[in-house]
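**Q**
Residue numbers (our numbering): 25 to 319.
Spelled out as structure tokens, the structure:
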């Protein structure tokens, strides 16, 4: 093994150290992506997607060059490594790679315009005095206009740092908002259990229960209710999985108001004010400014 010194650049990700911690950025990669898209002179956008925007398989005309669309969308996927706030919009764009249309390309261009105006943003990792694992889970019930499948989203924090996030369309159609929310809870519980096992292997076990915040009261109730209702038989596996983890003391599912649900940014388009507030909560920030006298 060779000691290459302090980490500064790895696989297109630059790492900047400061007294505040570590800042991970893909500024140069984003600039190359904007140039590849031919949008160097485009006007920046404040958000990456319109609130309430729902794309369909039949919106617009088929693209003459779908390869270009797939190339840009794939590049945006890699950018989500340090820009988690664009995960939902990129996930939506990826759903139409097999037959992209003009409306889908407009979404990709909107994401790139947003990136153009936020090149300095990246993920910040700071020293944290707490070692608790906290997760936020949300779902957009029947959000797909074509299949009526829901979108699950979650984010997991280790102390003050975001360590895992996801925006993904559910595999089956949910018959109620509670079912869609509970499936999202099951996804983040599985992710939290994996992180707990990983930390245990690294000899840094989590002694406290992982708190999972959900803004659906019915989903919270189902996580602790031992009675199996007839209307929940179709999600029985998810119910038993989460309840077992709650019974073992590894997981606690609690209710949280929608206004404090950070996972909202992974399931739908938000207003500018709400998006900017949640983006900051996801530790997506500008690099710390150099102080006077610093070399």
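Yeah, the Cβ is synthetic: ideal placement off N, Cα and C, and Gly gets one too.
With a Cβ-Cβ cutoff of 8 Å, do residue 275 and residue 305 count as a contact?
**A** No, these two residues do not count as a Cβ contact at 8 Å.
**Q** On the DSSP letters alone, give me the boundaries of the beta strand (DSSP E) that residue 190 sits inside.
**A** Its beta strand (DSSP E) spans residues 185-193.
**Q** Quick one: complete beta strand (DSSP E) runs, 3+ long, within the segment 224-298?
**A** DSSP runs (the beta strand (DSSP E)) wholly in the segment 224-298: 234-238, 275-279.
**Q** Cβ of residue 55 within 8 Å of Cβ of residue 145?
**A** No, these two residues do not count as a Cβ contact at 8 Å.
**Q** Among 136, 177, 155, which has the Cα closest to the Cα of residue 97?
**A** Among 136, 177, 155, the Cα nearest to that of residue 97 is on 136.
**Q** Could you give the first and the last residue of the continuous beta strand (DSSP E) run that contains residue 179?
**A** Counting along the chain, the beta strand (DSSP E) containing residue 179 begins and ends at 175-182.
**Q** Ignore the nearest five residues each way along the sequence and tell me which others in residue 57's own chain have a CB closer than 6 Å to its CB.
**A** Excluding positions up to five away in sequence, the list reads 99.
**Q** Sort 27, 59, 290 by Cα distance to residue 188 and report the nearest one.
**A** Answer by Cα proximity: 290.
**Q** What are the residues that DSSP puts in a beta bridge with residue 308?
**A** According to DSSP, which records beta bridges pairwise, residue 308 is partnered with 147.
**Q** Following the continuous beta strand (DSSP E) through residue 159, name the residue where it begins and the one where it ends.
**A** 157-164 is the extent of the beta strand (DSSP E) around residue 159.
**Q** Sort out for me which residues DSSP pairs residue 49 with in a bridge.
**A** In DSSP, residue 49 forms a bridge with 38.
**Q** Any idea if residue 310 is buried or exposed, counting beta-carbon neighbours within 10 angstroms, 16 or more meaning buried?
**A** Label assigned to residue 310: exposed.
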